[in-house]
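Novice: Have a look at the structure that comes next, please.
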Amino acid sequence: MKNIYTIIIKVILFFTILHINVALALGDSNSMRPIYSLTNLKMRQIEKKVYQAPGDIGTEVFPVLVDNAIGTTYNNSISLIRFKNGRFKIDVLKKDFSEYVGGVSDFLPVFSNEIMGYAQGRRFLLFNLNNSNHKYYLICNSIKERLIAVDVYDYNKKQFIFNISVSRGFRKRDFSLNLIDLSTDEPKVLKTFLLSENGKNKFLWEHKLGKSSILFDLETKRYVILDSNFQPTTHPLVTILNEHKDFKETSDNVAIIHPTLPFSVVMGRTKLWVASWKGDKPILTPIVYGPKLAFDVSISLDGKWVMYGESIEGNQIGGRMFNFYAFPIDESIPFYLNDPVSLGKIETPDKILWTIKPTSFIAVNQFSHITRWVLEDQ
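In the numbering used here, the protein residues as written are -17 to 360.
Take a look at the structure:
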């Protein structure tokens, strides 16, 4: 009997994807019904655990590749919030090593189980989570300059990409992407790409895809992708964002790119989509209705889950309640997302992130509590 059900499911999936491909060929994927209807779908609910916070823990929390923990700059320190036996404790790794440990403009994406880092004002910090060694790098020499965002380019070569702003007078700032080498005593700028000029913004830095950067051209209202040399190139995801009417001519799309698999979860104007490029032609699959009410979408650190949250009380997030869902990632499914589980209803969190071992989804309310759902083995 189990084999019969398996065959039926595969047949349904085959015709679903066939229909998707035909619709894409006809340019009609926007009119397709999504794979899932979250309001009518019967699904399991994962129980949450709420932890009361010891005072204002702030919003400067960040994911780490440390078992059952998240990082924080709480109380002028680099610390780990560790979850164990229904409780959590704050494990201080290093405190007061700077007058201002916090004030972070952007954290590095998770790339190592040993190193984390962040941009702060004009300087950049690298911190070793194992031995608590740290090093600051002064990236911006002028007081008019500020670090806006940072990403890893090649850590083995100590190379990073920085979005740097510089004041050009009253209410005018220019922005640029800078590939900077930190392997020597003095930071060395290897390449620069101007995102604006004379105080006029031309591009927005949207995403990083490997060593490439996806930008939104504010003049043409189209996405462009730059290769590792900051030269224009092509990619199926950029083609999809530019050509499909649920995405095109707006920079409001949230595209979360899987770290190892060839797909991205994208919030368009009307639907949540999966854009995949495993075969010769990219496939765009509508998953659910309602991104106008969406809160966020993210992929777990182990690459096995996609979280999606949406408002259940209107389209303004301030003070709203949200339903959260988690889709297990299944490579045997062409659109990668298997039947979701429900995480239930909570108020708008200040920050969301993930832990590893066990895989858990975390929602942080900076003034009172942390909510946690354990998804591993579900």
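The beta carbon of each residue, even a glycine, is placed where N, CA and C say it ideally should be.
Buried or exposed, going by whether 16 or more other CB atoms sit within 10 Å of the CB of Val171?
Specialist: The residue in question, Val171, is exposed, as its Cβ has fewer than 16 Cβ neighbours within 10 Å.
Novice: Measuring straight from C-alpha to C-alpha, what distance separates Phe152 and Gly85?
Specialist: Distance between the alpha carbons of Phe152 and Gly85 is about 24 Å.
Novice: In the DSSP assignment, the beta strand (DSSP E) including Thr216 goes from what residue to what residue?
Specialist: Where Thr216 is concerned, there is no enclosing beta strand (DSSP E), given that its DSSP letter is neither H nor E.
Novice: Along the beta strand (DSSP E) that carries His226, what are the first and last residues, could you check?
Specialist: That residue, His226, is in no beta strand (DSSP E); it is neither H nor E in DSSP.
Novice: To the nearest whole angstrom, what separates the beta carbons of Ser147 and Phe198, a pair I think is in contact under 8 Å?
Specialist: Ser147 to Phe198, Cβ: 17 Å. No contact.
Novice: Could you work out which residue in Gly68, Asn183, Val74, Asp133 is closest to Ser94 when comparing CA atoms only?
Specialist: Here the closest residue by C-alpha is Asp133.
Novice: By a C-beta neighbour count over all protein chains shown, 10 Å radius and 16 as the cutoff for buried, is Trp355 buried or exposed?
Specialist: Per the 10 Å Cβ criterion, buried.
Novice: DSSP on Tyr137, reduced to helix/strand/coil?
Specialist: Of the three classes helix, strand and coil, the one that applies to Tyr137 here is helix, per DSSP.
Novice: Give the secondary structure of Leu208 by DSSP, where H, G and I count as helix, E and B as strand, and everything else as coil.
Specialist: DSSP places Leu208 in strand when its eight states are reduced to three.
Novice: Using only CA atoms, which one of Lys260, Gly261, Asp262, Leu266 lies nearest to Leu254?
Specialist: Answer by Cα proximity: Leu266.
Novice: Can you confirm whether the segment 271 to 278 touches the segment 248 to 262 when touching is taken to mean that 3 or more C-beta pairs between the two stretches lie within less than 8 Å?
Specialist: Segments in contact, yes.
Novice: I think Ile334 touches Ile344, with their Cβ atoms under 8 Å apart; what is that distance to the nearest whole Å?
Specialist: Indeed they touch by this definition, with Cβ atoms about 7 Å apart.
Novice: On a Cα-Cα basis, can you pick out the residue from Asp332, Glu96, Arg204, Pro244 that is closest to Phe185?
Specialist: Of the listed residues, the one whose Cα sits closest to Phe185 is Arg204.
Novice: Provide the residue span of the beta strand (DSSP E) that contains Arg354, from first to last.
Specialist: Taken as a continuous stretch (DSSP letters only), the beta strand (DSSP E) holding Arg354 covers 351 to 356.
Novice: Looking only at C-alpha atoms, which of Val43, Arg15, Glu81 sits nearest to Asn58?
Specialist: With distances taken between Cα atoms, Asn58 lies closest to Glu81.
Novice: Between Phe277 and Phe306, what straight-line distance do the alpha-carbon atoms span, to the nearest angstrom?
Specialist: Spanning the two alpha carbons is a distance of roughly 9 Å.
Novice: Check the DSSP bridge columns for Pro45 and list the partner residues they point to.
Specialist: Looking at the DSSP assignment, Pro45 forms a beta bridge with Ile52.
Novice: Roughly how far, in whole angstroms, is the beta-carbon of Thr287 from the beta-carbon of Leu357, given that I think they are within contact range, below 8 Å?
Specialist: Note that residue 287 is Trp in the sequence shown here, rather than Thr. The pair is a contact, with the Cβ atoms about 6 Å apart (cut-off 8 Å).
Novice: Near Arg79, which residues of its chain fall below 7 Å by C-beta distance, leaving aside the five closest residues on each side in sequence?
Specialist: In the sequence on display, residue 79 carries Phe and not Arg. Once the five neighbours on either side are set aside, the close Cβ partners of Phe79 are His116.
Novice: Within the segment 96 to 183, note down every full alpha helix (DSSP H) run reaching 4 residues or more, in order along the chain.
Specialist: For the segment 96 to 183, not a single whole alpha helix (DSSP H) run of length 4 or above is found.
Novice: Is there contact between the segment 225 to 232 and the segment 208 to 216, where contact requires at least three CB pairs shorter than 8 Å?
Specialist: The segment 225 to 232 vs the segment 208 to 216: no contact.
Novice: Alpha carbons only, please: which of Ser324, Phe245, Gly291, Thr337 is nearest the one belonging to Asp312?
Specialist: It is Phe245.
Novice: Please confirm whether Phe70 has its beta-carbon closer than 8 Å to some beta-carbon of chain D.
Specialist: In the displayed structure, chain D is absent; only one protein chain is listed.
Novice: To which residues of the same chain is Ser282 closer than 6 Å at the C-beta, ignoring the five residues directly before and after it?
Specialist: Within the same chain, Ser282 has close Cβ partners Trp336, Thr341.
Novice: Going along the chain, which residues of its own chain have a beta-carbon closer than 8 Å to the beta-carbon of Ser350, five neighbours each way excluded?
Specialist: Same-chain partners within the cutoff: Gln34, Ala35.
Novice: Rounded to whole angstroms, what is the Cα-Cα separation between Pro310 and Asn50?
Specialist: The straight-line gap from Cα to Cα measures roughly 19 Å.
Novice: So, under 8 Å CB-CB, Ile60 and Lys76 are touching, yes? Tell me the CB distance rounded to an integer number of Å.
Specialist: So it is a contact: roughly 5 Å between Cβ atoms.
Novice: Rounded to whole angstroms, how far is the Cβ of Leu164 from the Cβ of Lys193, which I believe are closer than 8 Å?
Specialist: Contact doesn't hold; Cβ gap of about 16 Å is too wide.
Novice: With distance defined between alpha-carbon atoms, name the residue in Lys154, Ser158, Thr54, Glu179 nearest to Glu188.
Specialist: Of the listed residues, the one whose Cα sits closest to Glu188 is Ser158.
Novice: When the Cα atoms are used, what is the spatial distance from Asp262 to Pro218?
Specialist: Using only the alpha carbons, I get a separation of about 10 Å.
Novice: Among all the DSSP beta bridges, which residues are the ones paired with Phe70?
Specialist: The partner list for Phe70 (beta bridge, DSSP) reads Phe65.
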